[in-house]
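Working notes, structure below.
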Amino acid sequence: MGNRTIGSIPCAVLSRGGNRMFFKKKAQTIQLDMDRIPQHIGVIMDGNGRWAKRRGLPRSAGHKRGADILEGLCDYCNGLGVKVLTVYAFSTENWVRPQKEIDALMDLLYGYLLQVEEKFRGRDMKLKISGDISPLSDKIKAAIAHAEEVTAPGKRMILNIALNYGGRDEIVRAARKLAKDCKEGKVSPDAVDEAVFASYLDTYGLPEVDLIIRPSGEKRLSNFMLWQAAYAEFWYSDICWPDFKDADMERAIYEYQQRDRRFGGV
Ligand code: FPP
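This is the structure:
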């Protein structure tokens, strides 16, 4: 498939008159190259708390809205041919938040898991959970197992929810499992290379992350996909996650397509 025009973004054009400066909006046409759609997009869904605070709402309202917009964005990415959308829902560091907020997030995730079958119906999508789910409640663990099982036939796109996920924790867990396999003689230490190590990660079988999106003005990786994002392009935006729209995703992908990815080459 060739290029197609699917939208436009406003951009500020600066001009001078005397000692004044003027900004005016100019429409810039975006043409997404359908042959260069990122296979794997990772999103750090940041800014929910600030979004809620500005509206005089509890932080949990920001998380709720942040979860609600996922459905439309999945459809948008799925339509473009994105293979994996990984969303950072709860990090290994988030346990230090107030218990009330943790409970609200877990309830939200649980509710989402219960609805996954219905939400994914007719979309050819599969759900995957990455992260250490061992400390989660039995109720949530059972809902994860069910949601992954019923969506397993989905072939077109994977929604990968990073839950109690930390890149360092994932690497340590992988190293522990690999060390055990070496000790038991299942793997020779001399045979361990990047591919073997990656097969012990939560994301085994998924393509490397091509594009990482972080809204809300922060410019940190925050322990997200440390291994998988080795050659990812980053895209930041000031808007808070609950306000994130298809047009923002489109712009992020467009800017990703303008980058020259050399993977260490010239
Ligand atoms: C960071 O923003 C966001 C989180 C720690 C949680 C993100 C979780 C969701 C959007 C819900 C996910 C649910 C499903 C079903 C996938 P923040 O609240 O720390 O933002 P702040 O920096 O403005 O306080």
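Residue numbers (our numbering): 1178 to 1443. C-beta atoms are modelled at their ideal positions from N, C-alpha and C, and glycine is treated no differently.
Residue i - DSSP class collapsed to helix/strand/coil
{"i": "E1347", "result": "helix"}
{"i": "K1318", "result": "helix"}
{"i": "G1239", "result": "helix"}
{"i": "T1206", "result": "strand"}
{"i": "Y1413", "result": "strand"}
{"i": "M1302", "result": "strand"}
Where the alpha helix (DSSP H) containing residue i begins and where it ends
{"i": "E1371", "result": "E1371 to A1375"}
Residue i burial status per 10 Å Cβ neighbour count (16 or more: buried)
{"i": "A1266", "result": "buried"}
{"i": "M1178", "result": "With a pLDDT of 41 at M1178, under the threshold of 50, the modelled position of this residue cannot be trusted; read the value that follows with caution. Exposed, by the Cβ-count rule."}
{"i": "V1293", "result": "buried"}
{"i": "R1439", "result": "exposed"}
{"i": "G1382", "result": "exposed"}
{"i": "D1437", "result": "exposed"}
{"i": "D1245", "result": "exposed"}
{"i": "Y1408", "result": "exposed"}
{"i": "P1366", "result": "exposed"}
{"i": "K1303", "result": "buried"}
{"i": "G1442", "result": "exposed"}
{"i": "R1391", "result": "buried"}
{"i": "R1236", "result": "buried"}
Proximity test, residue i beta-carbon vs ligand 1 heavy atom, cut-off 6 Å
{"i": "M1222", "result": "yes"}
{"i": "L1285", "result": "yes"}
{"i": "H1240", "result": "yes"}
{"i": "N1225", "result": "yes"}
{"i": "Y1342", "result": "no"}
{"i": "Y1452", "result": "Limits of the chain in this structure are 1178 at one end and 1443 at the other, which puts residue 1452 out of reach."}
{"i": "A1266", "result": "yes"}
{"i": "Y1413", "result": "no"}
{"i": "N1400", "result": "no"}
{"i": "G1249", "result": "no"}
{"i": "G1362", "result": "no"}
{"i": "I1338", "result": "yes"}
{"i": "A1429", "result": "no"}
Terminal residues of the beta strand (DSSP E) in which residue i lies
{"i": "Y1342", "result": "M1334 to Y1342"}
{"i": "F1267", "result": "V1261 to S1268"}
{"i": "V1220", "result": "H1217 to I1221"}
{"i": "G1279", "result": "First, the residue type needs correcting, since residue 1279 is Ile and not Gly in the sequence shown. Not the beta strand (DSSP E): I1279 falls in the alpha helix (DSSP H), residues Q1276 to F1297."}
{"i": "I1390", "result": "L1388 to R1391"}
Any non-hydrogen atom of ligand 2 closer than 6 Å to residue i Cβ
{"i": "A1372", "result": "As for ligand 2, it is missing from this structure, which binds only ligand 1."}
The segment 1330–1339 touching the segment 1297–1310, judged by at least three CB pairs closer than 8 Å
yes
Assess, as a yes-or-no matter, whether the segment 1408–1428 is touched by the segment 1350–1365 under the definition of 3 or more beta carbon pairs within less than 8 Å.
no
Check whether the segment 1390–1408 touches the segment 1320–1331, counting contact only when three or more Cβ pairs, one atom from each stretch, lie closer than 8 Å.
no
Kindly confirm or deny that the segment 1247–1259 and the segment 1372–1386 touch, where touching means at least three C-beta pairs closer than 8 Å.
no
If you pair each beta-carbon of the segment 1313–1321 with each one of the segment 1344–1354, do three or more pairs fall below 8 Å?
no
Whether or not the segment 1209–1220 and the segment 1426–1434 are in contact is what I'm after, with contact meaning three or more pairs of Cβ atoms, one per stretch, closer than 8 Å; do they touch?
yes
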